[in-house]
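Using the numbering used here, read the sequence shown as starting at 387 and increasing by one per residue. Built from N, CA and C at the ideal position, the CB exists for glycine as well.
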Amino acid sequence: MNHTVTAFDGLAEQKDLHFGLEPAAMKLRHVVESQQFTLPLLMELFGRSRGMERIVARGGSLDYQQRIMAMLFYAPSTRTRFSFEAAMHRLGGRVLSTEQAHAFSSEVEGEQVEDSIRIISGYADVIVIRHHEEDGARRAATVSAVPVINAGDGKGGQHPTQALLDLYTIYRMRPLDGLSVAFIGELDQGRTVRSLAYLLAKFERIRIFFVSPPEMQMKPDILDYLDRHNVRYEVESDLNRVVGEVDVVYQTRIHPARVANQPILRNYAIDSSVLPRMKPDAMILHPLPRTVELDKTVDSDPRALYFRQATNGLYVRMALLTMLLEQ
Ligand code: CP
Numbered sequence: 387m388n389h390t391v392t393a394f395d396g397l398a399e400q401k402d403l404h405f406g407l408e409p410a411a412m413k414l415r416h417v418v419e420s421q422q423f424t425l426p427l428l429m430e431l432f433g434r435s436r437g438m439e440r441i442v443a444r445g446g447s448l449d450y451q452q453r454i455m456a457m458l459f460y461a462p463s464t465r466t467r468f469s470f471e472a473a474m475h476r477l478g479g480r481v482l483s484t485e486q487a488h489a490f491s492s493e494v495e496g497e498q499v500e501d502s503i504r505i506i507s508g509y510a511d512v513i514v515i516r517h518h519e520e521d522g523a524r525r526a527a528t529v530s531a532v533p534v535i536n537a538g539d540g541k542g543g544q545h546p547t548q549a550l551l552d553l554y555t556i557y558r559m560r561p562l563d564g565l566s567v568a569f570i571g572e573l574d575q576g577r578t579v580r581s582l583a584y585l586l587a588k589f590e591r592i593r594i595f596f597v598s599p600p601e602m603q604m605k606p607d608i609l610d611y612l613d614r615h616n617v618r619y620e621v622e623s624d625l626n627r628v629v630g631e632v633d634v635v636y637q638t639r640i641h642p643a644r645v646a647n648q649p650i651l652r653n654y655a656i657d658s659s660v661l662p663r664m665k666p667d668a669m670i671l672h673p674l675p676r677t678v679e680l681d682k683t684v685d686s687d688p689r690a691l692y693f694r695q696a697t698n699g700l701y702v703r704m705a706l707l708t709m710l711l712e713q
């Protein structure tokens, strides 16, 4: 495929961040887990994402008009599905989509994901999959003839493209080295938190606080990874002890049905009473959707970045598609 240079405006701007590696040395085949992203790959992605902001402002490009993206979603989604579809349309490409693959694909007849992917990879140039099992995206990538992107797998798997857009949102505001982050919520099943923790471990002087009811704390695999990479972290059950110390308050959902002591949910909510205790230049992120853990009164606070975060998903996913499709 012959693509013009317009989709890569941001890359030239960020050339100094390539760490001496040629782009050809930084190819991605599939995106299954966030650990795959090296610092040079992240910086290439972020450079391209800046370029995509300008391309979207111009209305998009036609560079990928001969390319097809297949969307195979076995679990519900608003942001991930729409932003991937918008990303491909803004690049000029086309989209095949099944948003309820558990009901409207041949899985109903007992077809395994491997067979579905073998078939679909003959029709499309890239496949985006949200699978209800933790290993679904990896199984898909193993057999696919075209790049596979994990759009969230299982309850406690990963959501690497969410973590990429989360990190890009922070990167647009401040340097990533030296960052302190509080992850709040249902961390044992928090695939976005898991993916972002892996990415943060690639930067210097990171400090992480995992804040949740004890029965929902971050699983040992992530804590072991952080230990191995010398990342400072604390496991905390009291939000009050950390909310004034951190640069990023990363809020996530807690499903009320999982909490026996319902009033305790209030201790993990961000509302107008928490805002005065946060740093004046802190950032409030949330992958969304939200329920009671993030009050709407927070929306007007200049530190609330979660809607911009969702918009950044468009730019980052456009950039990622270009990186995968240019191979
Ligand atoms: N953040 C996120 O993954 O949202 P959706 O479930 O709406 O895609």
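Next on the checklist: Looking only at its chain, what residues have a beta carbon closer than 6 angstroms to the beta carbon of Arg618, apart from the 5 residues adjacent to it on each side?
Outcome noted: Within the sequence shown, numbered from 1, the residue matching residue 618 stands at position 232. Arg593, listed in sequence order.
Checklist entry - Secondary structure at Glu493, three-state DSSP: helix, strand or coil? => result Position 107 of the sequence shown holds residue 493. DSSP places Glu493 in the helix class (H, G or I) of the three-state scheme.
Checklist entry - Any heavy atom of the ligand CP closer than 7 angstroms to the Cβ of Leu671? => result Here the question's residue 671 lines up with position 285 in the sequence shown. Proximity of the beta carbon of Leu671 to the ligand CP is not indicated: no heavy atom of the ligand is located closer than 7 angstroms.
Checklist entry - Quick one, which of Glu519, Leu551, Asp552 has its alpha-carbon nearest Asp539's? => result For the purposes of this step, residue 539 is identified with residue 153 of the sequence shown, where counting begins at 1. Distance check between Asp539 and each of Glu519, Leu551, Asp552 places Glu519 closest, using alpha-carbon atoms only.
Next on the checklist: Any residue with its Cβ nearer than 7 angstroms to a heavy atom of the ligand CP should be included. What is that list in chain order?
Outcome noted: Any residue whose Cβ sits closer than 7 angstroms to a heavy atom of the ligand CP makes the list: Pro462, Ser463, Thr464, Arg465, Thr466, Arg467, Gly538, His545, Gln548, Thr578, Pro673, Leu674, Pro675.
Checklist entry - Asp610 by DSSP, collapsed to three states: which one? => result Along the sequence shown, read from residue 1 onward, the residue named residue 610 stands at position 224. In this structure, Asp610 counts as helix in the three-state DSSP scheme.
Next on the checklist: Tell me the rounded alpha-carbon separation between Asp511 and Arg558.
Outcome noted: Start at 1 with the first residue of the sequence shown, and residue 511 comes out as number 125. Start at 1 with the first residue of the sequence shown, and residue 558 comes out as number 172. Straight through space, the alpha carbons of Arg558 and Asp511 are spaced by roughly 30 angstroms.
Checklist entry - What are the uninterrupted segments assigned as beta strand (DSSP E) that are 3 or more residues long and contained completely in the region 630-674, given in chain order? => result Within the region 630-674, the complete beta strand (DSSP E) runs of at least 3 residues are 634-637, 669-671.
Next on the checklist: Does Thr424 pass the burial test, meaning 16 or more other C-beta atoms within 10 Å, or should it be called exposed?
Outcome noted: To locate residue 424, count along the sequence shown from 1; it is residue 38. By the 10 Å Cβ count, Thr424 comes out exposed.
Checklist entry - Should Arg516 go down as buried or exposed, given a rule of 16 or more other Cβ atoms within 10 Å for buried? => result Residue numbering aside, residue 516 sits at position 130 when the sequence shown is read from its first letter. Buried.
Item to check | Continuous beta strand (DSSP E) assignments of at least 3 residues falling wholly in the region 514-546 | outcome: As far as the region 514-546 is concerned, its whole beta strand (DSSP E) runs of at least 3 residues are 534-539.
Next on the checklist: Here's the rule I'm using: 16 or more other beta-carbon atoms within 10 Å means buried, otherwise exposed. How should Thr683 be labelled?
Outcome noted: Your numbering for residue 683 matches position 297 in the sequence shown. Classification for Thr683: exposed.
Next on the checklist: What would DSSP say about Ile570, mapped onto helix, strand or coil?
Outcome noted: The residue given as residue 570 occupies position 184 in the sequence shown. Strand at Ile570.
Checklist entry - Can Leu651 and Pro662 be called in contact, C-beta distance under 8 angstroms? => result Here residue 651 refers to the residue found at position 265 of the sequence shown. Here residue 662 refers to the residue found at position 276 of the sequence shown. No.
Checklist entry - On the three-state DSSP scale, how would you describe Ser507? => result By one-based count along the sequence shown, residue 507 stands at place 121. Correct three-state label for Ser507: coil.
Checklist entry - Taking the alpha carbon of Leu477 as the point to measure from, which residue in Leu414, Glu620, Glu439 has its own alpha carbon closest? => result One-based indexing of the sequence shown puts residue 477 at position 91. Minimum Cα distance to Leu477 is reached at Glu439.
Checklist entry - With C-beta atoms as the reference, is Ser469 less than 8 angstroms away from Ser581? => result Sequence index remark: in the sequence shown, residue 469 carries index 83 (1-based). Sequence index remark: in the sequence shown, residue 581 carries index 195 (1-based). No.
Checklist entry - What do you reckon, are the CB atoms on Val621 and Ile570 nearer than 8 angstroms? => result Position 235 of the sequence shown, counted from the start, is the residue given in the question as residue 621. Position 184 of the sequence shown, counted from the start, is the residue given in the question as residue 570. Taking a C-beta distance under 8 angstroms as the contact criterion, Val621 and Ile570 do not qualify as a contact pair.
Next on the checklist: Could you tell me which whole alpha helix (DSSP H) segments of length 4 or greater appear in the region 423-492?
Outcome noted: Counting only runs of 4 or more, we get 425-443, 465-476, 487-490.
Next on the checklist: Quick check: Ala487 and Tyr509, are their CB atoms within less than 8 angstroms of each other?
Outcome noted: Residue 487 sits at position 101 when you count from the first residue of the sequence shown. Residue 509 sits at position 123 when you count from the first residue of the sequence shown. By the CB criterion at 8 angstroms, Ala487 and Tyr509 fall outside the cutoff.
Checklist entry - Which residues in the same chain as His672 place their Cβ atom closer than 6 angstroms to its Cβ, once the five residues preceding and following it in sequence are excluded? => result Numbered from 1 along the sequence shown, position 286 holds the residue referred to as residue 672. Result list for His672: Gln637, Leu680, Tyr692, in chain order.
Item to check | Val702: first and last residue of the uninterrupted alpha helix (DSSP H) it sits in | outcome: The residue you call residue 702 lines up with position 316 of the sequence shown. Residues 692-711.
Item to check | Distance, Ala549 Cα to Leu565 Cα | outcome: As a working mapping, residue 565 is identified with position 179 in the sequence shown. As a working mapping, residue 549 is identified with position 163 in the sequence shown. Each residue's alpha carbon lies about 15 angstroms from the other.
Item to check | Residues that Arg593 bridges to, as DSSP identifies them | outcome: By one-based count along the sequence shown, residue 593 stands at place 207. Ser566, Arg618.
Next on the checklist: Assuming Leu431 and Leu706 are in contact, meaning their beta carbons sit under 8 angstroms apart, how far apart are those beta carbons, in whole angstroms?
Outcome noted: Along the sequence shown, one-based indexing puts residue 431 at 45. Along the sequence shown, one-based indexing puts residue 706 at 320. Rounded, the Cβ-Cβ distance is 6 angstroms, consistent with contact.
Next on the checklist: Tell me the rounded alpha-carbon separation between Pro649 and Thr464.
Outcome noted: Indexing the sequence shown from 1 puts residue 649 at position 263. Indexing the sequence shown from 1 puts residue 464 at position 78. So the alpha carbons of these two residues sit roughly 29 angstroms apart.
Next on the checklist: Whole angstroms are fine: how far does the CA of Val494 sit from the CA of Asn616?
Outcome noted: To locate residue 616, count along the sequence shown from 1; it is residue 230. To locate residue 494, count along the sequence shown from 1; it is residue 108. Straight-line Cα distance between these residues: approximately 46 angstroms.
Item to check | Status (buried if at least 16 other CB within 10 Å, exposed otherwise) for Arg444 | outcome: Reading the sequence shown from its first residue, position 58 is the one you call residue 444. So Arg444 counts as exposed.
Item to check | Contact under 8 angstroms by Cβ, Val418 with Ala537 | outcome: Within the sequence shown, the letter at position 32 stands for residue 418. Within the sequence shown, the letter at position 151 stands for residue 537. Contact flag unset, no.
Item to check | Spatial distance of Leu482 from Ala456 (CA atoms) | outcome: Here residue 482 corresponds to residue number 96 of the sequence shown, with the count starting at 1. Here residue 456 corresponds to residue number 70 of the sequence shown, with the count starting at 1. Leu482 and Ala456: Cα-Cα distance of roughly 5 angstroms.
Checklist entry - Between Gln498 and Ile506, what straight-line distance do the alpha-carbon atoms span, to the nearest angstrom? => result Here residue 498 refers to the residue found at position 112 of the sequence shown. Here residue 506 refers to the residue found at position 120 of the sequence shown. Spanning the two alpha carbons is a distance of roughly 13 angstroms.
Item to check | Contact check, Ala700 vs Val442, beta carbons under 8 angstroms | outcome: Residue numbering aside, residue 700 sits at position 314 when the sequence shown is read from its first letter. Residue numbering aside, residue 442 sits at position 56 when the sequence shown is read from its first letter. According to the sequence provided, residue 700 is Leu. The question's Ala does not apply to it. Yes, Cβ-Cβ distance for Leu700 and Val442 is below 8 angstroms.
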